[in-house]
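Enquirer: Protein chains in written order, with the numbering used here: chain A, -5 to 301; chain B, -5 to 301. Every residue gets a Cβ at the ideal spot worked out from N, C-alpha and C, and that includes glycine. Before anything else, here's the structure in question.
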């Protein structure tokens, strides 16, 4: 079973349509959920995808446009009504606290859990959060207001024990934790069995980056080099390049060029303009440059590193 | 064609479900749209029901719980993106301005239309808005925070001209406006033809009241006496009466008793608790007391006064 999944709650852009929801994703990594952006309706999409509110621990907001954060007041109210007690950490540009704190004060009197804000410098690529499963880095993006993407780097996993070898040496269970952490085994007779004979290396840690909203920005390439999965906005087709530049968005072709040049393993494009009833052109444009591209879609779950 | 319609955008309560949206309605009256409450997702429901954003002129908010107003930031942003220039008036308890103004300042810089707040005293039953189509009155409700319902009273219509009579008297077109306004006709010979011989009375003005959220409150009865349609919340069944009282909500039976005792012509119940997958019990409970009851449902349009 994959233990690093990206759930697409919404992949539309600013204007409401009946085909897409505003931007929101849930990263499901080992035992926790991490939300990226929270457009209006995100909490309903969580219900639809049977994603449990209680496992949500961190929310990462890319920027303060409504289609990326107007679902937060409702989600926080719901968490409160569901009896949450554990802290919720909200990461984002500094205006996120300016936006939310007055709403929390007005609507959530006597909130029984703590909301902590981690205000992110959107101009720097740096570690902004770390727990035992993941490290999260900011990715500076260029949009009409301060904006950043987020890079999720899974923590190194433990190596696999080679059962035949531990059986052969009759290694007691009490040793297993040390062996998983790289120690050699010392037999009762004092013989040293090197760790490399007892374990196979763990699967390499997987990496996922979320880059939306942004004008095409090649400076992000070194930050996302070789990652397993890149979500990059593709608001427009190439024939709307002027409009993309004017509004600080990207085209599907540009997203694919970034993916190709950063040698990512897979690309998923989203943040589709309301003008596209049919996404075929966006898809064709991207796959012509970077074949391993998929179109985001509400309700979709992608296993990071499965390709 | 009915010219006084109520569109149900959402009729759920606070917790999100996949069956219902949070509270929101659109009154479609002659040439304008009036919104009542604006829960999260209301703007998407407007799209689904093909309701044009441009005709919206007034929004009435019952109270400052998130499931009745968290759709406002997104809706206002959308109106801005769609190039609105005409004023938008938001009526509601005074906290509505405290809630919205900072969000407008943060997200809608350079808004090209004016948002005017009409802060409503929720403790009084009084006229709060009037235009050439409708008069709107507040209805004091009893909930955990200041809350009011709204009574929409259609303006008197012009009487119907009896064509056979105006033809008979060969009345010039230039007289028609005066005759519609009640004047008698004076023939060139000086003969007076009484207005009652030339017109049939207009259809009586229709009335609709929205009452949600509220504990059962019989004091509203005189304010809604004999109206055409009453929307009354029915969050719970009667077997949850204790919970209804504790949370200042009503049961389906109580809503029906109010409708019966106020002699309204039709009742529509909504604001269903997330606990009810099946609304049959609520329906049976209400219709046992007041047969002409319908269950609200997303996407439903009711013609006021059609029964």
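Within 10 Å of its beta-carbon, does residue -5/B have 16 or more other beta-carbons around it, so buried, or fewer, so exposed?
Expert: Only weak support is given to the placement of residue -5/B: the predicted model assigns it a pLDDT of 48, under 50, and the value that follows is read from those uncertain coordinates. So residue -5/B counts as exposed.
Enquirer: What separation, rounded to the nearest whole angstrom, lies between the Cα atoms of residue 284/B and residue -3/B?
Expert: 26 Å
Enquirer: Under 8 Å, CB to CB, which of the residues in the region 88 to 105 of chain A have a partner in chain B?
Expert: 89, 92, 93, 96, 97, 100, 101
Enquirer: Across the region 177 to 196 of chain B and the region 223 to 234 of chain B, are there enough close Cβ pairs to call them in contact, namely three or more that are closer than 8 Å?
Expert: no
Enquirer: May I ask you to report which of helix, strand or coil DSSP gives residue 227/A?
Expert: strand
Enquirer: Expressed to the nearest angstrom, what Euclidean distance is found between the alpha-carbon atoms of residue 214/A and residue 111/A?
Expert: 25 Å
Enquirer: Tell me, please, which residues DSSP counts as bridged to residue 37/B.
Expert: Beta-bridge pairing links residue 37/B to no other residue.
Enquirer: Of the choices 67/B, 3/B, 54/B, whose alpha-carbon is the least far from that of residue 9/A?
Expert: 67/B
Enquirer: State the Cα-Cα distance for the pair residue 262/B and residue 298/B, rounded to the nearest angstrom.
Expert: Near 11 Å, if we compare the C-alpha coordinates of residue 298/B and residue 262/B.
Enquirer: Quick one: which unbroken alpha helix (DSSP H) runs of 4-plus residues sit fully inside the region 138 to 206 of chain A? Chain order, please.
Expert: 157 to 162, 170 to 174, 189 to 192
Enquirer: Pairs of beta-carbons, one from the region 98 to 105 of chain B and one from the region 29 to 41 of chain B, closer than 8 Å: are there three or more?
Expert: no
Enquirer: Measuring alpha carbon to alpha carbon, tell me which of 243/B, 139/B, 201/B ends up nearest residue 259/B.
Expert: Of 243/B, 139/B, 201/B, the residue nearest in Cα terms is 201/B.
Enquirer: Could you check the C-alpha separation between residue 275/A and residue 167/A for me, to the nearest Å?
Expert: Spanning the two alpha carbons is a distance of roughly 57 Å.
Enquirer: Please name the residues in the region 32 to 51 of chain B whose beta-carbon is closer than 7 Å to at least one beta-carbon of chain A, in chain order.
Expert: 34, 35, 37, 38, 41, 42
Enquirer: Going by CA-CA distance only, name the one from 137/B, 138/B, 249/B, 118/B that's closest to residue 131/B.
Expert: 118/B
Enquirer: Whole angstroms are fine: how far does the CA of residue 269/A sit from the CA of residue 255/A?
Expert: Cα atoms of residue 255/A and residue 269/A: separation of roughly 28 Å, rounded to the nearest angstrom.
Enquirer: Which residues of chain B have a Cβ atom closer than 8 Å to the Cβ of residue 242/A, listed in chain order?
Expert: Near residue 242/A there are no residues of chain B at all, since even the closest Cβ is about 15 Å away, more than 8 Å.
Enquirer: Going by DSSP, what residues sit across from residue 123/A in a beta bridge?
Expert: 130/A
Enquirer: Within the same chain, show all residues whose beta-carbon is closer than 6 Å to that of residue 54/A, passing over the 5 residues directly before and after it, in chain order.
Expert: 30, 85, 144
Enquirer: Name, please, each residue of chain B whose Cβ falls closer than 9 Å to the Cβ of residue 72/A.
Expert: 8, 9, 10, 60
Enquirer: Got a sec? Which residues, its chain only, sit under 7 Å from residue 134/B by beta carbon, not counting five neighbours each side?
Expert: 116, 117, 118, 119, 142
Enquirer: When the Cα atoms are used, what is the spatial distance from residue 183/B to residue 160/B?
Expert: Just so you know, the alpha carbons of residue 183/B and residue 160/B end up roughly 16 Å apart.
Enquirer: Suppose you measure from the CA of residue 21/B to the CA of residue 28/B; what does that come to, to the nearest Å?
Expert: 5 Å
Enquirer: For residue 188/A, I'd like the list of residues in its chain whose CB is within less than 8 Å of its CB, leaving aside the five on either flank, ordered along the chain.
Expert: Cβ neighbours of residue 188/A beyond the five flanking positions: 178.
Enquirer: Apart from the five residues just before and just after residue 181/B, which ones in its own chain have a Cβ nearer than 8 Å to its Cβ?
Expert: Answer for residue 181/B: 163, 187, listed in chain order.
Enquirer: Just how far apart, CA to CA, sit residue 16/A and residue 266/A?
Expert: 10 Å
Enquirer: Using only the alpha-carbon positions, how far apart do residue 129/B and residue 24/B sit?
Expert: 13 Å
Enquirer: Would you say residue 64/A reaches chain B, if we count a Cβ-Cβ gap shorter than 8 Å as a contact?
Expert: yes
Enquirer: Could you tell me whether any Cβ in chain A is nearer than 8 Å to the Cβ of residue 293/B?
Expert: no
Enquirer: Just list the beta strand (DSSP E) runs in the region 75 to 103 of chain A, keeping only unbroken ones of 3 residues or longer that don't cross its boundaries, in chain order.
Expert: 82 to 86
Enquirer: Given that a residue counts as buried once 16 or more other Cβ atoms are within 10 Å of its Cβ, and exposed if not, what is residue 273/A?
Expert: Residue 273/A is buried by the Cβ-count criterion.
Enquirer: Quick check on this structure: which residue in 192/A, 150/A, 148/A has the alpha carbon closest to the alpha carbon of residue 156/A?
Expert: 192/A
Enquirer: For residue 148/A, count neighbouring Cβ atoms within 10 angstroms of its own Cβ and tell me buried if that reaches 16, exposed if not.
Expert: buried
Enquirer: Between the beta-carbon of residue 81/A and the beta-carbon of residue 107/A, is there less than 8 Å?
Expert: yes
Enquirer: Quick one, are the C-beta atoms of residue 11/A and residue 41/B less than 8 Å apart?
Expert: yes
Enquirer: With 16 other CB atoms within 10 Å as the buried threshold, where does residue 303/A fall?
Expert: The structure shown does not extend to residue 303/A, since chain A is modelled only from -5 through 301, so no value can be given for it.
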